[in-house]
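Undergrad:
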Amino acid sequence: MKTRQPPAFRVLSGSARAAVCLALGSPFLAMGSATLAIRSAWAQSAPVPSRADEAAALSIVARAKADGGELALAADMYLQAHRMNAAVAGYLYSAARCFHKASAWEAADREYRRFLETAPAVDAARAKAVEYLAEVAPRLAEARAAEAQAASASQIEESRRQAEARKTEADGKVAEALRTAEARKASEAAALRKSEAAAESAAEAERRQAAAAETARQQAAAMSSGHRTVAWLAVAGGVAAAGGGVALWLGANADFDALQSKLNAKDGAGKITGIPREDATTMQDEANLRRGLGMGLVAMGAVGLGVGSWLLASAAPSVAIEARQVWVAWQF
38 MKTRQPPAFR
48 VLSGSARAAV
58 CLALGSPFLA
68 MGSATLAIRS
78 AWAQSAPVPS
88 RADEAAALSI
98 VARAKADGGE
108 LALAADMYLQ
118 AHRMNAAVAG
128 YLYSAARCFH
138 KASAWEAADR
148 EYRRFLETAP
158 AVDAARAKAV
168 EYLAEVAPRL
178 AEARAAEAQA
188 ASASQIEESR
198 RQAEARKTEA
208 DGKVAEALRT
218 AEARKASEAA
228 ALRKSEAAAE
238 SAAEAERRQA
248 AAAETARQQA
258 AAMSSGHRTV
268 AWLAVAGGVA
278 AAGGGVALWL
288 GANADFDALQ
298 SKLNAKDGAG
308 KITGIPREDA
318 TTMQDEANLR
328 RGLGMGLVAM
338 GAVGLGVGSW
348 LLASAAPSVA
358 IEARQVWVAW
368 QF
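What follows is the structure, encoded as C-alpha cells:
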C-alpha cells in the first residue's frame, strides 16, 4: 500500500524533504531555524525553490508544532507562510484553528474572517470556518465583557484610590490647620504670660522704688545736725589749709625769685657778688621748706574739702517720687 503525502510535501526536493524531516523530529527548533534549514537544503540542490515552496515547507513544520501543542508558535508560522504565499488562504484557516484551540478568541475571530474574505467560494473549509466563527463569537463576547468588567473594576479601584488620596490630603490639611491653630494659641498664651510677667516686674520695680524713697526719707530724718556741722567744719578747715598752703607756696616762689636775682649779680670775672654762698644755701632751704609746707597744706585742704563734701553728699536728701518724676531737696 502506497503512503499518501501532503501536496506541499510532494513538491519538495530530496534535500528539502530531509530538512523538513529534521525539523519535525526536533520539536524544539524555532521557526527561523526550520526556515534556514530548508533554505540551506534548497541552496544545495537545483532548481532554487520558489516562495510558494518555502511557504509549503513552513506549513508542514507548523503542522508539526500544532500537533506538539505549540499552538501559538504554529499559528505564527502559518501566518508567515501566508505572507510568503498569499494565494493559499488555507494558511489563514490553519492559523485561525490554532488560535481557536489556544482560546485566543480575538485572533481566531480575526483570522477566520480574513479566511472567509480571501478563500474561494468553492473552498470546502468555508463552511467549517463559518461554524467555528459562530463558536468563537460568544467566547469573544465573553472575553470582551470580562475585559470591560476588569477595566471598569480597575477604573472603580482607581477612583477609590483617588478618593482615598483626596481624603488623606484633606485630613492632612485639617490636621495641619489644627496644629497651626494650637501653635497660634500656644504663642498667644506665651505672649500673655510674658506680658503678665512684664507687668509684675514693673510693679515690683515700682515697689522697690517706693521702698528706696522711704529708706532715703528715713535716712534724711535720721541725719543729725552734728553730722552736718562736722561736714562743714571739714570743708572750712580744708579751705583754710588750702589757703595757707597757697600763701606759703607763693611766698616760697617769691623767695626763689629773690634768690635768683641775687645769684644773677656777678662781677666782671663772672663771680657771684649778690649773696654769699652760705646765705644762698640757707635761703634756698627755707624756700624749699615753705614750698613743701604749702604743698602739704594744699593737700590737707583738698582732703578736708573732699571729706566735708563726702559728708555732705552722704547726708540723705529729701526725696519725693511721684509718677516716675523725682524731686531732690538737699539739706544744708
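With the working numbering, you'll find the sequence shown wraps up at 369, consecutive numbering, no jumps. Glycine is no exception: its CB is placed at the ideal position from the N, C-alpha and C atoms. Nothing here was measured: the structure is a model prediction, and the numbers come from that model.
Helix, strand or coil for Ile309, going by three-state DSSP, please let me know.
TA: If DSSP states are grouped into helix, strand and coil, Ile309 belongs with the strands.
Undergrad: Report yes if the CB atom of Ser96 is closer than 8 Å to the CB atom of Tyr115, and no otherwise.
TA: Yes, the Cβ-Cβ distance between Ser96 and Tyr115 is below 8 Å.
Undergrad: Kindly confirm or deny that the region 96-110 and the region 132-146 touch, where touching means at least three C-beta pairs closer than 8 Å.
TA: A contact exists between the region 96-110 and the region 132-146.
Undergrad: With a CB to CB cut of under 6 Å and the five nearest residues on each side skipped, what residues in its chain are close to Lys102?
TA: Around Lys102: Leu110 and Ala111.
Undergrad: Are Gly341 and Ala271 closer than 8 Å when you measure CB to CB?
TA: Yes; because the gap between Cβ atoms is below 8 Å, this pair is in contact.
Undergrad: How do the region 326-338 and the region 272-284 stand: do at least 3 beta-carbon pairs fall below 8 Å, yes or no?
TA: Flag = yes, the region 326-338 and the region 272-284 touch.
Undergrad: Whether or not the region 224-244 and the region 302-310 are in contact is what I'm after, with contact meaning three or more pairs of Cβ atoms, one per stretch, closer than 8 Å; do they touch?
TA: Touching, no, given that fewer than three Cβ pairs across the two stretches are closer than 8 Å.
Undergrad: If we ignore side chains and look at the alpha-carbon of each, how far apart do Ala93 and Ala118 end up?
TA: Each residue's Cα considered, the two are about 7 Å apart.
Undergrad: Going along the chain, which residues of its own chain have a beta-carbon closer than 7 Å to the beta-carbon of Met320, five neighbours each way excluded?
TA: Excluding positions up to five away in sequence, the list reads Asp292 and Leu296.
Undergrad: Quickly, what does DSSP pair Lys303 with across the bridge? List them, please.
TA: Bridge partners of Lys303: Ile309.
Undergrad: Can you look up Asp160 in the DSSP assignment and give me helix, strand or coil?
TA: Here Asp160 sits in coil by DSSP.
Undergrad: Compute the minimum distance between the beta carbon of Glu323 and the heavy atoms of the ligand SAH, and state whether it is under 7 Å.
TA: With respect to the ligand SAH, the structure shown offers nothing to examine, as it has no ligands at all.
Undergrad: In the DSSP assignment, the alpha helix (DSSP H) including Ser140 goes from what residue to what residue?
TA: Element bounds for Ser140: n/a, residue is neither H nor E.
Undergrad: Using 8 Å as the threshold, is the C-beta distance between Ala166 and Leu153 below it?
TA: Their beta carbons are under 8 Å apart, which means Ala166 touches Leu153 by this criterion.
Undergrad: Since Ala126 contacts Asp160 with CB under 8 Å, what's their CB separation in whole angstroms?
TA: Confirmed, Cβ separation roughly 7 Å.
Undergrad: Output the distance between the C-alpha atoms of Val338 and Asp294, rounded to the nearest integer angstrom.
TA: For the sequence presented, residue 338 should be read as Gly rather than Val. Each residue's alpha carbon lies about 26 Å from the other.
Undergrad: In this structure, how does DSSP classify Asn325 when only helix, strand and coil are distinguished?
TA: Reduced to three states, the DSSP call for Asn325 is helix.
Undergrad: How many angstroms separate the CA atom of Arg245 from the CA atom of Arg265?
TA: Computed Cα separation, rounded: 28 Å.
Undergrad: State the CB to CB distance for the pair Ala289 and Ala324, rounded to an integer number of angstroms; the pair is presumed to be in contact (CB under 8 Å).
TA: Contact holds; Cβ gap of about 5 Å.
Undergrad: Counting only the same chain and skipping the five closest in sequence on each side, list residues whose C-beta sits under 7 Å from that of Arg41.
TA: Below a pLDDT of 50, predicted positions are generally treated as unreliable, and Arg41, at 40, falls in that range; the measurement from the model is reported next regardless. The answer is none, since no qualifying residue turns up.
Undergrad: Tell me where the alpha helix (DSSP H) around Ala118 begins and ends.
TA: Taken as a continuous stretch (DSSP letters only), the alpha helix (DSSP H) holding Ala118 covers Leu108 to Met121.
Undergrad: Look up Ala350 in the DSSP assignment and say whether it is helix, strand or coil.
TA: Ala350: helix per DSSP, three-state reduction.
Undergrad: Do Ile312 and Lys303 come within 8 Å of each other at the CB atom, strictly closer than that value?
TA: Cβ atoms of Lys303 and Ile312: not closer than 8 Å.
Undergrad: Express the C-alpha separation of Ala235 and Gln255 in angstroms, rounding to a whole number.
TA: C-alpha separation (whole angstroms): 30 Å.
Undergrad: If you measure between the beta carbons of Phe136 and Ala124, is that distance less than 8 Å?
TA: Going by C-beta atoms, Phe136 is not nearer than 8 Å to Ala124.
Undergrad: I need the boundaries of the alpha helix (DSSP H) containing Ala99, first residue and last residue.
TA: Taken as a continuous stretch (DSSP letters only), the alpha helix (DSSP H) holding Ala99 covers Arg88 to Asp104.
Undergrad: Measure the C-alpha to C-alpha separation of Ala156 and Glu91 and round it to an integer number of angstroms.
TA: In a straight line, the C-alpha of Ala156 is about 20 Å away from that of Glu91.
Undergrad: Classify Met68 as helix, strand or coil using the three-state DSSP reduction.
TA: Low per-residue confidence applies at Met68: pLDDT is 46, beneath 50, and the placement is therefore not dependable, though the value from the model is reported in the following sentence. Helix, per DSSP.
Undergrad: For Gly282 and Leu330, what's the separation of their Cα atoms in angstroms?
TA: Those two C-alpha atoms are separated by around 7 Å.
Undergrad: What do you get for Glu201, buried or exposed, if any count of 16 or more other CB atoms within 10 angstroms of its CB means buried?
TA: Glu201 is exposed by the Cβ-count criterion.
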